[in-house]
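Written below as structure tokens is the structure these notes are about.
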Amino acid sequence: MVFMEHPENNAEYKGLTVNKGIEQPLTINPYLNRKVRPKRRLFSVNEYVDGIVKGDVSVLSQAVTLIESIKPEHQAIAQEVIEKCLPYSGNSIRVGISGVPGAGKSTSIDVFGLHVLERGGKLAVLAIDPSSERSKGSILGDKTRMEKLSVHPDAFIRPSPAAGSLGGVARKTRETIILCEAAGFDKIFVETVGVGQSETAVYSMVDFFLLIQLAGTGDELQGIKRGIMEMADGIVINKADGNNIEKAKLAATHFRNALHLFPAPESGWTPEVLTYSGFYNIGVKEIWDMIFRYFDFVKANGYFEHRRNEQAKYWMYETINEHLRDSFYNDCLIKDMLACQEREVLEGRSTSFAAARHLLDVYFSHTKDIK
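Counting from 1 along the sequence shown, just add 45 to a position and that's the residue number in my numbering.
What follows is the structure in structure tokens.
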């Protein structure tokens with residue numbers, strides 16, 4: 046770079062000099078010429094399975110990414126991996142954790158996880174983050190709220206976007222559980238987005254359903270649906286500390302009274318209501334004592350295996366429904382007809398039910414002809 050000479054440095058200006066300026070860097074990024082890092086290659090099915098069974102968290106993470114992918118080629122590999130991992134799964138305790146937004150689910154999981162890991166074993170946390178309906182994006186910030194678990198060597202935290210699926214929990218979470226169990230994780234936490242519908246899906250994939258509630262937020266019983274309370278195997282009131290202890294105890298009494306009005310659970314277990322403070326780690330041991338009492342109870346009376354079998358049937362039918370839905374909407378003839386039928390409904394020339402019936406009739410006759 047050429048510097049312009051300052052006139053002050055001329056000999057006629059004695060005793061006055063001006064130093065040259067600092068040479069400015071080039072405006073072109075020198076790193077642009079570096080080679081682009083090659084894309085991470087896909088493992089073979091056997092490489093995925095071997096890595097998962099050996100407990101390789103990196104391979105496990107890549108396999109879960111395959112499960113979440115919508116690409117057909119990724120889905121085909123993922124299903125083969127799941128089938129081969131199935132014999133190594135099933136030997137864990139699965140705990141679903143739900144509650145209203147702000148109830149402290151992530152903070153509680155951080156404390157619960159550390160407590161249960163003290164007994165040994167490995168813990169996988171599958172946290173479902175709500176997705177934006179507009180951008181389909183998700184913050185995936187659960188790891189930031191699980192500060193201690195996220196750096197624990199025996200913990201695996203996998204935040205996943207709800208991606209618009211009903212209640213934020215889909216078949217993919219169920220399949221991820223299988224991979225985590227095959228990788229040696231003997232304790233699985235599934236955290237829901239806490240929006241209402243997701244609890245039904247979580248209940249169908251866990252052994253114990255824990256409902257986290259808050260006290261001092263108004264009418265506690267009004268803030269939760271009866272159906273969710275009926276599914277709960279245990280209810281815990283969080284933030285029972287400081288000036289909130291009495292309110293938490295009162296809320297617990299209200300919940301206990303409400304549970305007496307519900308039919309007895311099929312398991313024969315009477316749900317318990319406890320108070321605790323996740324932030325101050327108060328009452329956490331009592332909660333886990335309750336959970337382990339539940340497992341001893343249902344394994345003794347045979348309900349544990351019964352529930353697992355019912356869940357397997359449930360997900361078989363859910364998978365059938367999902368494939369039928371995908372087959373319908375991806376059919377070329379149906380794609381062409383959908384816009385036309387929409388106009389018929391919007392212009393009042395057909396009812397929604399008649400249009401749906403017509404599309405289904407065309408689809409079934411069309412697929413029958415192909416066969």
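Each residue gets a CB set at the ideal place from its N, CA and C atoms; glycine is no exception.
In the DSSP assignment, Ile-115 falls outside any beta strand (DSSP E) and carries neither an H nor an E. DSSP places Ser-143 inside the beta strand (DSSP E), whose first and last residues are 138 to 144. Taking a cut-off of 8 Å for Cβ pairs, the segment 220 to 234 and the segment 126 to 140 touch, as three or more such pairs fall below it. Judged by DSSP in its simplified three-state form, Glu-192 adopts coil rather than helix or strand. For Ile-379, the uninterrupted alpha helix (DSSP H) run begins and ends at 377 to 391, by DSSP.
The residue from Ile-290, Tyr-321, Tyr-93 with its alpha-carbon nearest to that of Glu-128 is Tyr-93.
According to the DSSP secondary-structure assignment, Glu-317 is paired through a beta bridge with Gly-279. Less than 8 Å divides the Cβ of Asn-283 from the Cβ of Leu-259.
Collapsing the DSSP output to three states places Glu-311 in coil.
Per DSSP, the continuous beta strand (DSSP E) segment holding Leu-256 begins and ends at 253 to 259.
Taken through DSSP and simplified to helix, strand or coil, Phe-337 comes out as helix.
Secondary structure at Ser-205: strand, using DSSP grouped into helix, strand and coil. In the three-state scheme derived from DSSP, where H, G and I count as helix and E and B as strand, Leu-171 is classed as strand. In the structure shown, Ser-151 adopts helical secondary structure according to DSSP, grouped into three states. Three or more beta-carbon pairs separated by less than 8 Å are not found between the segment 323 to 337 and the segment 292 to 304, which leaves the two stretches without contact. Residue pairing for Lys-294: DSSP places it in no beta bridge. Taking C-beta separations shorter than 6 Å and ignoring five residues to either side along the sequence, the partners of Gly-229 in its chain run Gly-100, Lys-167, following chain order. A buried status is given to Phe-253, since no fewer than 16 other beta-carbon atoms sit within 10 Å of its beta-carbon. By DSSP's assignment, Glu-236 forms a beta bridge with Ile-142, Ala-172. Beta-bridge partners assigned by DSSP to Ser-322: Ile-327.
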